[in-house]
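Peer 1: Positions 270 to 382 (this note's numbering) are the ones given, in order, by the sequence shown. Yeah, the Cβ is synthetic: ideal placement off N, Cα and C, and Gly gets one too. In this text, all values refer to a predicted model and were calculated from it rather than measured experimentally. Pasting a structure here, questions to come.
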Amino acid sequence: APISTYNWLPCLGGRSVRPILERIDYACAYAATADSLDLVAPAPAYTLLDLAEDFVTTPGGVFNVGGSADPDLFPAVTPRGGFDAYDGLPARRALTVVGHSAAGWIGRVFLSD
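Below, the structure written as C-alpha cells:
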C-alpha cells in the first residue's frame with residue numbers, strides 16, 4: 270500500500286489504525302480495478318492539512334479523542350485524503366493480501382469483520 274511514515278502520525282498514542290486501513294483498502298481497490306497493474310499503487314492525495322485534521326479527529330489514544338478509549342464506542346471518522354479514485358468500478362481480478370510481522374497483524378485487522 271502507498272503508506273509513508275507521516276501516514277502513521279494520526280495513529281500515535283494508541284489511536285485507531287483506521288487511516289492505515291483506508292490506505293490498504295485504496296491499494297486493494299486499485300489492484301482489483303486498474304486497467305494495467307503497476308508494481309505500486311499511486312499514492313492517494315494527502316496534504317499537510319489532511320494530516321493535521323486526521324491527527325485531531327482519529328479516535329482513541331491517551332486523550333480519548335472521540336470521547337472514549339473503547340474502540341467499540343469510537344465515532345465513525347473517515348480519514349482525509351483522496352481515496353475515491355477507484356470506488357464503484359467493477360473488479361477485474363482477484364487479489365491476495367500477504368504480510369508478515371506488523372504487516373501481517375494489520376492485514377488480519379483489515380480482513381476481519
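Name, in chain order, the residues that DSSP records as bridge partners for alanine 321.
Peer 2: DSSP, once it has assigned bridges, lists no residue as partnering alanine 321.
Peer 1: Do you know offhand how far alanine 345's Cα is from proline 359's?
Peer 2: Approximately 26 Å, taken between the alpha carbons.
Peer 1: When you compare the CB positions of leucine 364 and alanine 300, do they come within less than 7 Å of one another, or not?
Peer 2: Contact flag set, yes.
Peer 1: Please report the straight-line C-alpha distance between proline 340 and tyrosine 315, rounded to a whole angstrom.
Peer 2: Rounded to the nearest angstrom, the two C-alpha atoms are 25 Å apart.
Peer 1: From this set, Leu290, Arg284, Cys280 and Ser273, which residue's C-alpha is nearest valine 378's C-alpha?
Peer 2: For the residues Leu290, Arg284, Cys280 and Ser273, the minimum Cα distance to valine 378 belongs to Leu290.
Peer 1: With DSSP collapsed to three states, give me the class of arginine 292.
Peer 2: Three-state DSSP puts arginine 292 in a helix.
Peer 1: Measuring CB to CB, does proline 328 end up less than 7 Å from serine 285?
Peer 2: Result yes, Cβ atoms of proline 328 and serine 285 sit closer than 7 Å.
Peer 1: Would you mind reading off the limits of the alpha helix (DSSP H) that contains phenylalanine 332?
Peer 2: First-last for phenylalanine 332: undefined, no H or E at that position.
Peer 1: Please list the terminal residues of the continuous alpha helix (DSSP H) segment that includes glycine 376.
Peer 2: Note, glycine 376: alpha helix (DSSP H), 370-380.
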